[in-house]
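Note sheet for the following structure.
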Amino acid sequence: MFHRYCAVCHGFFAMSAGVVPDLRYSTPETFARYKEIVLDGERKANGMASFADQINEDDVKAIHAYILHGAHQAYDAQQKAAVTPPA
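What follows is the structure, given as structure tokens:
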């Protein structure tokens, strides 16, 4: 779902190139409001259109889970890099 509807703006694997937010680094408040943002158009004024005509709440939950998984992977990689001395 993410790659079909979100990747064009937010990047493959949710790794943004910097033009739009990198969703992996969203605040907890943003993660808690995915339905309102993605379906209800809560951030339409900021350029994030509603996708209510293309996806449903279950799709948003799947996208949310995908982004959270990527966020955990990014965090783990940062932690590993912080404790691993350069070769």
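If you read the sequence shown in our numbering, its first letter stands for residue 54, the second for the next number, and so on.
Note that CB positions come from ideal geometry on N, CA and C, so glycine has one too.
Can you give me the C-alpha to C-alpha distance between Val113 and Leu92, rounded to a whole angstrom? 8 Å
CA nearest to the CA of Ala85, picked from Tyr128, Lys133, Ile120: Ile120
Mind checking Arg57: buried by the 16 CB within 10 Å criterion, or exposed? exposed
Evaluate Phe65 with the Cβ neighbour count: other Cβ atoms within 10 Å of its Cβ, from every protein chain shown; 16 or more gives buried, anything less gives exposed. exposed
From Glu95 to Tyr78, what distance separates their C-alpha atoms? 19 Å
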